[in-house]
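A.B. asks: Quick note: the sequence shown, position 451, residue 451 per full-length UniProt numbering, numbers continuous.
For glycine and all other residues, C-beta sits at the position ideal for the given N, C-alpha and C.
Let me give you the structure first, and then I'll get to my questions.
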Amino acid sequence: MDMDSASSVVLQALTQATSQDTSELKPAEEQLRQWETQPGFYSVLLNIFNNHMLDVNVRWLAVLYFKNGIDRYWRRVAPHALSEEEKTSLRAGLITNFNEPVNQIATQIAVLIAKVARLDCPRQWPELIPILLESIKGQDGLQQHRALLTFYHVTKTLASKRLAQDRRLFQDLASGIYSFACSLWSHHTDTFFQQIYARDEAAALGSLERTLLSLKVLRKLTVFGFQEPQQNMEVMGFLNAVFERLKQFLECYRQVGPDSTCREKLEKMIILYTKTLLDFLEYHPCAFIPLIQRSLEFAVSYLFTPAGEGVTFERFIVQCMNLIKMIVKNEAYKPSKNIEDSKPESLEAHKIKTAFFTHPTLTEIGRRLVSHYFLLTEEELAMWEEDPESFAVEETGGDSWKYSLRPCAEVLFLDIFHAYNQTLIPVLLEMVQNLQGPTNVEDSVQLLMKDAVYNAVGLAAYELFDNVDFDQWFKNQLLGELQVSHHRYKLIRRRVIWLIGQWIAVKFKSDLRPLLYEVILSLMQDPDLVVRIETATTLKLNILPQFLPYLESIFGLLFQLLQQVTQCDTKMQVLHVISCVIERVNIQIRPYVGCLVQYLPLLWKQSEEHNMLRCAILTTLIHLVK
């Protein structure tokens, strides 16, 4: 492809390919597709996206075509592979300067360079890292940022390679540049704090961006760049410094206020520090042992003491909970049953954990998890009132469930309860004892607390097997709670039926089942949709022979519920319960399925865009046919 004549032709095609007019767009895309395998095409693209005078959309498209070309034609064995001469020229052109003015294009170019680096660095492209480091050291702010952005993407890509030979190459790279990366991170961090406390927010924002990028580089180097990081003083020095830096950033976050332009980036920075610790713990548990004490002190301080007030935001709390959970659960920190067979590292880690998790510490953690982090929030209560079905979906594991605070608190509670049940069982039983008897419907604080404590008792059912006479509790306390029909008591009605569902498989006498079916029959007619959905979910665990006298009534109510709910997830949930009922009672369902058989084809038609719901319909039909 002749460069001079080709440039204008390719430029015209790219311009037409950005058009909204399909009569121009389609032919241009086809033409560009034909040129993909032509020698010189990618050199023309490089010249186009490096020309800052051209239209941004055209340059953006040129970068994308170049990036796609790397995936398809850069490898030597690829059909229509680029020649070695052109690749050499392109590599040189990509790192001639780092002065891209448009952020989005700069990011795409950095990703593009990283893709080439994955295939060619360091063997065919030994000059890449030295040139990047030289540009990072420069005084030009834009050039420094763009080079640092590229350096991060290259480091990230090289760190992700998993072959033994590639890992050795990355470790060689890490040992060669780690000191520089540490000094870069330290310099930009100090600069940021000087500027933010001098009230120069514009300059501080730029420094914060550079601090973020340099920390991203350090995270990859620290986690993947060393086989035995505990033997490297710089690595361990950096990780110990993380705690002090985190405290500085958290204090800064507290002081800048909600309107600061730096606030969002500060949150990202704080989360990145916690990710660095979590990644290092995951990949190097033994090297992490010297950091266990500080990690636990840090996380517990911010989660369970006044130190966290005003500085803790949800993602940070979740990360701190994950840090404690990973230390508590880590197999490398558990000695063998036969102490003589235990590794010295396991014994040392176990000793540190035992010394930290004292009786008062565990008691405070257990109480605070239940009484603070288990409470339903105002947003959740508002959602229950305004959109009960969406609330029910969220509670049973919607998309955002695993990333939200309460589920993380529940998982941490379970892990700590399992590891230290001798200490925590009396704490939880005392909390239950303090809430005996019906709660005043006007006392919203106590209602929320009872919901939280019952939640904890349900989660810890297996641990509490020998300590709770659930049958007596059911007859003497819980049945009475279910009979309180006040609108505000729906919180407790829904939690109690869930709690029963948790204990059924653990400890529940069969002669109490008829009483339970009466309760289910009543709650399936509850005015609150969330209570009805929760009751239906509990039913699928309870279909025993004593259920048959209630079959007609409850099956009719299940069918009504299936018609009432509108969301795909809820319909699937109710259909699953119906399938369980049909499967368990077998041919005795025949007199009651007429309406369901007529309704399923209509539901099938309505669920055209929901394949999972259609699977649930088919499953129900299979049980019916059988």
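#1: Let me check understanding here. Comparing Cα to Cα, which of Q436, R590, S301, L133 lies closest to N97?
#2: Just confirm the distance between the C-beta atoms of I324 and A355, as a whole number of angstroms; I'd bet it's less than 8 Å.
#3: First and last residue of the alpha helix (DSSP H) that includes E228?
#4: Kindly list the residues whose CB is nearer than 8 Å to the CB of S7, restricted to its own chain and excluding five residues on each side of it in sequence; keep chain order.
#5: Between the C-alpha atoms of K605 and C408, what's the straight-line distance to the nearest angstrom?
#6: For V625, does the count of other Cβ atoms within 10 angstroms reach 16, so buried, or fall short, so exposed?
#7: Quick check: what's the CA-CA separation for Y420 versus S342?
#8: I want to know whether the stretch 347–364 touches the stretch 318–336 - three or more CB-CB distances under 8 Å.
#9: I need the boundaries of the alpha helix (DSSP H) containing T191, first residue and last residue.
#10: What does the alpha-carbon distance come out to for the pair D526 and I520?
#11: When the Cα of A174 is compared with those of A202, F226, T157, R199, which residue comes out closest?
#12: Where does H623 fall in DSSP's three states?
#13: Which whole-angstrom value is the C-beta distance of E86 and P39, which I expect to be below 8 Å?
#14: Residue range of the alpha helix (DSSP H) that N57 falls in?
#15: Can you tell me where the alpha helix (DSSP H) holding V111 begins and where it ends?
#16: How is the alpha helix (DSSP H) around D451 delimited, first residue to last?
#17: Counting only the same chain and skipping the five closest in sequence on each side, list residues whose C-beta sits under 6 Å from that of E583.
#18: So does the stretch 134–147 actually touch the stretch 73–86, counting three or more Cβ pairs closer than 8 Å?
#19: Could you tell me which of F243, C615, Q563, V577 sits nearest to Q598, measuring between CA atoms?
#20: Applying the criterion that 16 or more other CB atoms from any shown protein chain within 10 Å of the CB defines a buried residue, is P285 buried or exposed?
#21: Runs of 3 residues minimum, wholly inside the stretch 474–506: which ones carry the beta strand (DSSP E) assignment?
#22: Closer than 7 Å by C-beta to Y152: which residues in its own chain qualify, once you throw out the five before and the five after it? Chain order, please.
#23: How about D387: is its C-beta nearer than 8 Å to some C-beta of chain B?
#24: CB-CB under 8 Å to L529, same chain, minus the five flanking residues each way: which ones, in chain order?
#25: If you compare alpha carbons, which of I271, R263, R254 is closest to V242?
#26: Which word fits D569, buried or exposed, when buried means at least 16 other C-beta atoms lie within 10 angstroms of its C-beta?
#27: Whole angstroms is fine: what's the gap from T15's alpha carbon to D21's?
#28: Does DSSP put H52 in a helix, a strand or coil?
#29: Among F224, P514, T535, which residue has its Cα nearest to the Cα of F547?
#30: Pick out the complete alpha helix (DSSP H) segments inside the stretch 251–304, 4 residues or longer, and give them in chain order.
#31: Let me know the alpha helix (DSSP H) ranges lying completely inside the stretch 562–592, each 4 residues or longer, listed in chain order.
#32: Which class does G237 belong to by DSSP, given the choice of helix, strand or coil?
#33: Using a Cβ distance threshold of 8 Å, determine whether the stretch 490–498 contacts the stretch 449–458, with at least three qualifying pairs required.
#34: Relative to the C-alpha of I136, which candidate in I95, V484, V63 has its C-alpha closest?
#35: Less than 8 Å between the CB atoms is what I'm expecting for F470 and F413, so what's the real figure, rounded?
#36: Three or more C-beta pairs under 8 Å: does that hold for the stretch 152–170 against the stretch 100–120?
C.D. replies: Checking against the coordinates, here is how it stands:
#1: L133
#2: At roughly 15 Å, the Cβ-Cβ gap does not stay under 8 Å, so I324 and A355 are not in contact.
#3: No alpha helix (DSSP H) contains E228, which DSSP labels as neither H nor E.
#4: V44, N47, I48
#5: 38 Å
#6: exposed
#7: Those two C-alpha atoms are separated by around 20 Å.
#8: yes
#9: 164–197
#10: 10 Å
#11: Of A202, F226, T157, R199, the residue nearest in Cα terms is F226.
#12: In this structure, H623 counts as helix in the three-state DSSP scheme.
#13: 6 Å
#14: 56–73
#15: 103–120
#16: For D451, the enclosing alpha helix (DSSP H) has its first and last residue at 444–459.
#17: H623
#18: no
#19: Q563
#20: buried
#21: Segments of the beta strand (DSSP E) lying fully in the stretch 474–506: there are none.
#22: Cβ within range, chain order: L213, K216, V217.
#23: Among the protein chains of the structure shown there is no chain B, as only one such chain exists.
#24: Spatial neighbours of L529 in its own chain (CB-CB distance under 8 Å, excluding positions within 5 residues in sequence) are listed in chain order as P388, E389, A392, Q564, V565.
#25: I271
#26: buried
#27: 11 Å
#28: Judged by DSSP in its simplified three-state form, H52 adopts coil rather than helix or strand.
#29: Closest option to F547, Cα to Cα, is P514.
#30: 263–283, 292–304
#31: List check, alpha helix (DSSP H) in window: 568–585.
#32: helix
#33: yes
#34: I95
#35: No, F470 and F413 are not in contact; Cβ-Cβ is about 19 Å, not under 8 Å.
#36: yes
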